[in-house]
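Take a look at the structure set out below.
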Amino acid sequence: MVESRDVMLFISYSGGAKELDHIIPRLKEKSVVLLAMTGKGQLATGAGSRRRAGYRR
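Just add 308 to the spot in the sequence shown (first one is 1) and you have our numbering.
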């Protein structure tokens with residue numbers, strides 16, 4: 309069971325996997341810390357990112 313003291317790491321090239329649209333709102337309801345690594349620099353719309361860091365080669 310996921311709790312508020314947990315951290316969830318998502319790794320997605322596109323950042324737009326449909327699965328994220330379903331799980332992110334539920335994790336936010338539980339105040340779970342969300343971290344995401346994407347190849348395109350974008351994350352699913354429902355993520356509501358507060359901070360962003362980028363890296364380019």
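Don't be surprised by glycine CBs; every beta carbon is placed ideally from N, CA and C.
Using a Cβ-Cβ cut-off of 7 Å (strictly less than) and excluding sequence neighbours within five positions of residue i, which residues of its own chain qualify?
i	result
Ser312	Lys338, Ser339, Val340
Asp314	Val340
Considering only DSSP beta bridges, list what residue i is partnered with.
i	result
Ser320	Thr346
Val310	According to DSSP, Val310 bridges with nothing at all.
Val315	Val341
Can you list, in chain order, the residues of its chain with a C-beta nearer than 6 Å to that of residue i? Leave out the 5 residues immediately preceding and following it.
i	result
Ser320	Thr346
Within the same chain, show all residues whose beta-carbon is closer than 8 Å to that of residue i, passing over the 5 residues directly before and after it, in chain order.
i	result
Ser322	Thr346, Gly347, Lys348, Gln350
Glu327	none
Residue i and residue j look like a contact to me (Cβ under 8 Å); what is the Cβ gap, rounded to whole Å?
i	j	result
Leu335	Leu343	Rounded, the Cβ-Cβ distance is 11 Å, inconsistent with contact.
Contact criterion: CB-CB distance below 7 Å. Does residue i meet it with respect to chain C?
i	result
Leu343	No chain C appears in this structure, which consists of one protein chain only.
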